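Residue numbers (numbering that gives the first Met the number 0), protein chains in the order written: chain A, 0 to 421; chain B, 0 to 481; chain C, 0 to 434.
All C-beta atoms, glycine included, are put in the ideal place defined by N, C-alpha and C.
Just so you know, these numbers come straight off a predicted model, no measurement behind them.
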Amino acid sequence: MPPALHDPANLARAFAPIVGEANLRPPSGAELRCAKLMVAPSSADEIAEVVRGCESDRITLAPIGAGRTLAEIRSAPADIGISLARMNRIVAYEPDDMTIVAEAGATLAELDAAMAAHGQWLPIDPPRPELTAMGAMVAGARFGPSRLSEGTARDLLIGVRFAGHGGRLVHGGGRVVKNVAGYDLMKVMTGSFGTLGIITETTFRVRPRAARRLVATMRFSDAASSFRAARTLHDAVPLTHLEVASPPVAAALGLAEEFTLIAGCGGSPVEADYLRARIPEILGANCAIAGGAEADAFHHRLRDFDFAASSAELLAATAPAELPALLAEVGGAWLAFAGSGVARIFLNLRAAGGLDRMVGALRTRARDARGHVRVSRIIPELRGGIEIFDRPAAPAMNLMRRMKTAFDPSGVFNPGCFVGGL
Amino acid sequence: MASSGNSALDSAAVAELRAIVGDDAIVSRPTELKVYECDGWTIEKSAPELLLRPRSAAEISAVLKVLHRREIPFVPRGAGTGLSGGCLPVGAPVMICTSRMNRILAIDYASRRVEVESGVVNLHVTNAVRERGFFYAPDPSSQMACTIGGNIAENSGGPHTLKYGVTTNHVLGLEIVLPDGEIAELGGPAEERLGYDLAGAIVGAEGTAGIVTRAILKLTREPEERRTLLAIFAGVGAATRTVSAIISAGVIPGAIEMMDRLIIEAVEDAFHAGLPRDAGAVLIIELDGIAAALDAQAAEVAELARAAGAREVRLARDESERAALWKARKRAFGAVGRLAPNYATQDGVVPRTRLPEILREIAAIAERYSLKIGNVFHAGDGNIHPIVLYDERDADETRRAIEAGREILRACVAMGGSLTGEHGIGVEKMAEMPLIFSPDDLIVMSELRRVFDPEQRANPNKVIPAPGSCVEVAAPRRQVVL
Amino acid sequence: MATAPKSTSAANAAPRRQPARDIVDYELLFDCVHCGLCLESCPTYVVTRAEMDSPRGRIYLMKALADGAVALDADALRHLDLCLECRGCETACPSGVRYGKLIERAREYVNRNVRRPPLERLRNWLIASIFPYPERLKILLAPLRAIDRLGMRPLMRRLAPAGMRDWLDLIPPRAAAQPVIQAAAPAADSAPAAVVHHGCVARTLLEAENRNTEGALAAAGYRVVRMERTVCCGALDLHHGNFERAREFARANVRELGRHGGAAILSAASGCSAVLAAYGDLLAGDPEFAAAARAVSAQVADLSTLLLRRNFNFPRGFPAAVTYHDSCHLAHGLGVREEPRRLLRSIPGVELLEMNESDLCCGSAGSYNLTEPAMARELVRRKADNIAATGADYVVLGNPGCELQIAAELRRRGEKIRVMHLADFLALALSGADI
């Protein structure tokens, strides 16, 4: 099919025989920026057939959960969006083995609901679990505050299935928590942003949910002291998450408008009691500690935090010790995951040139600290030609090009929006 | 059949390599090379034609450029403690050993990072940071000798990975010399990856991507305290039920290790650790975390063990008792060396709840093949290590040992498990790969490998069976020394 | 793949492979399962990082030699020669490989089958003819003492050929008088007895440690029995595979020590103690001496253990920063590690600072520092670095060979750290004298 024919009507004619007319629809909302036509297969086999169709006709395709990630990073819509909404089954949950297998369209909220009765959860807490589909969470490497203690999708994903080049249905890993047979395709797919194939099924190891959760907060007059206190606390007691919020972010979280250290911890009732007594000994008496429903509510606020007033959000990553210096360049609004060396930076620049300069300056600074900066959200008016991802050094970039070519020789999988234009 | 490529390793090539690494880093005489003909997997042996012992990534890069130009395959080696023949040369005339690259380059306590050369010994990392209250979490039983580079190649685990994760969870960045000699820096001290997680793809690739020369690792904070329990059972069934009971109760111990009677007797003979010789199985359960909560947790675990049938649960009273238990556990493999001239340690995985079943199956296999098989393993992970005893001077027994090992693996797979939890595929298990991976899976894995090594000259004939080969003929056959 | 299970037992299998060369006790080789856990415990591997210089590698070579798979060529010889016989690998080995026995036998085989170059033969002959005989050593050292009195040692060192300098350095300059432990009163006849075998080198160069070992035992309430006719323990011969002369020495010592009944037996040189403890093995095939040798070996103890048994007290404090070096045959041979440390910690004021690699050989290893000076030098440098890093003022140890070796290196560096035998340090601490 020549590119001229890649209009929604022609695309619909091509894919209706595979998924059925009823499972084609025009994109809506965020999807509009991801794809021209939404195709909703019901199985991995259907996805494989769609992939084969796309490859033979050079139709680009993008896997879509809630459409949030790709809406931010695509500069133009792909030809078709593969909606995984119909592939949302929990395939297997083995509480005693502490593993769960779910199709790529199942949401984090659905998984956690299924596991709640057994006191377990998948300890990844990105914003809005009800919108977070497993495939998107893995491919978009979405994370939340709990990465400090539990790691991210790359640490918890123990098996993956995806539809790749030629419609091959491929799997890596398995259903056991420890497994080194074969190459680690889970790592390959995590954070690949749909550029190597379409994830159809994910298997995770899960964890017991802590009986009690505590959140400690403490105000500081400057960022440096908050980071110092964060490190002291981190070295002293086991924490589940650890943040420093700049004054505007603290205010938006419902706290006083000052630099604020936020530390989560928890465990058994005995552990919680101990921590409740111990943390003020370390931080000083003027730290506030919440527990119970209040702590849960605050954790949700923190998890779902979105600084709506900003025009762009950046994700900066460095070694944890380098992060304060990087954030000192920013000023303004940021939320730092202090123990992980990751920060969400909220910018409110309205002119494209100013944003470019800011991102460029931060990238230079981050690279000096062997880190990088990604644009994780941007208003459409500013999207322009801005590079969403930082650019890896040449040898790594060459390997990534080879990786892309190896997995996607036809160049149909969500092309043109990943690192180096892959 | 892959050519060994020996013809290319002529005297001119050796001279070129010698000029790069110097006389003292080149080993070419057969008596010396003999020592490098196997690792901890001793069933198969094959000496390299040339061994290089470089000191730096720059030297390795220059070496690989020569090998690339001359189309000579190579095999990397660390301390040679692997258990699947990962560094056995199979059609690779040149071996490159990283044992001299053993500097710890930088420790950043504030970021909890350590940067090391790949030849650094695993335990030396922990030794370097222990005083400041940190440790490097992956702790394979060979940690006193094995290298970080080898751990990266095999994605090594260890007892404490139940709580803390395996090697890949602790590797943030790598420097690798690719088979064409190019040096690539992948990942870095930042946790978030930029672009594809290439470092993640290389961990566990068993040296088939090139030679890792440097790594940035995560450090873990020492827990406040530990409680180490020894639970004693009449048989393995009750022991494995206890494991499930503990995990189901929402307790994640630092480690849960099981030893059966054969192993208990071997370690008692070796170390007199005070294990009961009349027990059918013991569990070593280590809890760690906040001191104030550990006694209650230990009591809970002890109760669970008793409820599942433990006849006795002992708590290590002090550090020396704890050390004695761990010494017994960590050196159990070696202690078994006292029972028979040779042993093959198998490494399979089953879902934790299938442990009772797989242990029954192993006992049945031992019976069928007239072999002694002991079990010492990471019960919390479902990662079993049946130890098959044999005498390499007895050809038939050796053959039976190999067969029994394979049958155990097939049983693991049938129960929804895997071929290897931490030792790697190496040469040992290539033939079994089709049991868990489809031809398409293997094609894609080959593609991934070619991203790093298009000509397949880095540790050739490993991990992925040659296309078209069936289970019987795994790969170009090595000489099996019997 | 054949899956038909066979019910054959090992018993009716093919005949076992037999060794082609009688280089070692063949069966002992099979205790090694090639796990490699010994690598980092081996001083030569730590330095060269080549597996031919590791215990696993050497065992593999011995096996290959026994099987006839490799020739006893210059390479094989080189790597076997380079072994210090420190037995650090025995401590590390989980399989209980008796490496010391293996390498001793291999050396004996080498002695019988390899003709060394003339200079090496001369050197070995000199070592074997002088060191086990203190009188000869004294005569040899007399001129050096004269040179020392004239303060000419530095000049002599400059004039000496490079290869001789390390040898010269080992000989300590005349020491200032050292405190000697005096027992308050002679022990009662009913007190437990102890007999100290005076080592050859200590008798010549470091006599104080023999006297202080006896003094400390007496002070702790032991009845110290004098040994009349002491000959060399046979360590040098044993380690060089000269079993015949080693057995001759052993018989003489067993005869002498056997007369002291149930007395605890020890030497101020832990290297010698370990050999005494091995007499049972060494003379196992000697019908006349086997039982007596076993009895002697069973009585071997070490100084710190004996002192701790009797509540050895320090009336005065002795403030000092001390680090402890594990002499190989005390730690790896006799398994004594904690006791000397406990004894040191029991001295009020002593701060015990652990050095890195405290049980890695210093390179002395009998006469190793004379036969393999380059490796010995490398190891003592490493030891001195580790010692210096502790910031201690004293290095305490239990073997005169280590003492000479480490002291020489520290002197070369101009370090002020004092190297002392445990017995001498106890004497110093008891005297309360400050340096």
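DSSP beta-bridge partners of residue i
i: residue 133(B); result: 220(B)
i: residue 200(A); result: 102(A), 160(A)
i: residue 257(B); result: 282(B), 376(B)
i: residue 287(B); result: 225(B)
i: residue 282(A); result: Partner(s): none; residue 282(A) has no beta bridge.
i: residue 37(A); result: 24(A), 80(A)
i: residue 317(B); result: The partner list for residue 317(B) (beta bridge, DSSP) is empty, contrary to what the question assumes.
i: residue 175(B); result: 183(B), 211(B)
i: residue 107(B); result: 112(B)
Best match in the options for proximity to residue i [C-alpha to C-alpha]
i: residue 188(A); options: 306(A), 138(A), 389(A), 343(A); result: 138(A)
i: residue 265(A); options: 291(A), 318(A), 85(A); result: 291(A)
i: residue 93(A); options: 80(A), 86(A), 119(A); result: 119(A)
i: residue 205(A); options: 149(A), 128(A), 8(A); result: 149(A)
i: residue 163(B); options: 85(B), 138(B), 8(B); result: 138(B)
i: residue 399(C); options: 19(C), 67(C), 271(C); result: 271(C)
i: residue 436(B); options: 339(A), 159(A), 385(A), 298(A); result: 159(A)
i: residue 364(A); options: 236(A), 327(A), 85(A), 53(A); result: 327(A)
i: residue 240(B); options: 197(B), 355(B), 340(B); result: 355(B)
i: residue 339(B); options: 371(B), 353(B), 328(B), 361(B); result: 371(B)
i: residue 446(B); options: 164(A), 89(A), 101(A); result: 164(A)
i: residue 247(B); options: 41(B), 227(B), 299(B); result: 299(B)
Classification of residue i by the beta-carbon crowding that lies within 10 angstroms, buried from 16 upward
i: residue 310(C); result: exposed
i: residue 18(B); result: exposed
i: residue 264(C); result: buried
i: residue 322(C); result: buried
i: residue 17(C); result: exposed
i: residue 119(C); result: exposed
i: residue 55(A); result: exposed
i: residue 403(A); result: buried
i: residue 453(B); result: exposed
i: residue 227(C); result: exposed
i: residue 217(B); result: buried
i: residue 367(A); result: exposed
i: residue 0(C); result: With a pLDDT of 35 at residue 0(C), under the threshold of 50, the predicted position of this residue should be treated as unreliable, though the coordinate-derived value follows. Answer is exposed; the Cβ neighbour count stays below 16.
i: residue 6(A); result: exposed
i: residue 169(B); result: buried
i: residue 458(B); result: buried
Spatial neighbours of residue i in its chain, beta-carbon cut-off 8 angstroms, leaving aside the 5 residues before and after
i: residue 419(B); result: 83, 346, 347, 348, 428
i: residue 252(C); result: 196, 229, 230, 232, 233, 275, 278, 295
i: residue 179(C); result: 207, 210, 211, 214, 426
i: residue 318(B); result: none
Cβ-based neighbour list, residue i, same chain, cut-off 7 angstroms, excluding 5 preceding and 5 following
i: residue 401(A); result: none
i: residue 9(C); result: With a pLDDT of only 39 at residue 9(C), under 50, the local geometry of the prediction cannot be trusted, and the value read off the model is given with reservation. Cβ neighbours of residue 9(C) beyond the five flanking positions: none.
Other residues of its chain near residue i: CB distance less than 6 angstroms, five sequence neighbours each side excluded
i: residue 377(A); result: 311
i: residue 414(A); result: 59
i: residue 117(A); result: 94
i: residue 203(B); result: 154
>> Closer than 9 angstroms between beta carbons: that is the criterion. Which residues of the stretch 164 to 183 of chain A meet it against chain F?
In response: Looking at the structure shown, chain F is missing, and the protein chains on hand are A, B and C.
>> So if I threshold CB-CB distances at 7 angstroms, which residues from the stretch 35 to 63 of chain C count as touching chain B?
In response: 35, 36, 38, 39, 48, 49, 50, 51, 56, 59, 60, 63
>> Against chain A, which members of the stretch 408 to 433 of chain B pass a CB distance test of less than 8 angstroms?
In response: 415, 416, 417, 418, 419, 420, 421, 422, 423, 424, 428, 432
> Relative to chain C, which residues along the stretch 133 to 158 of chain B have a C-beta separation below 7 angstroms, given in chain order?
Replying inline: 141, 143, 144
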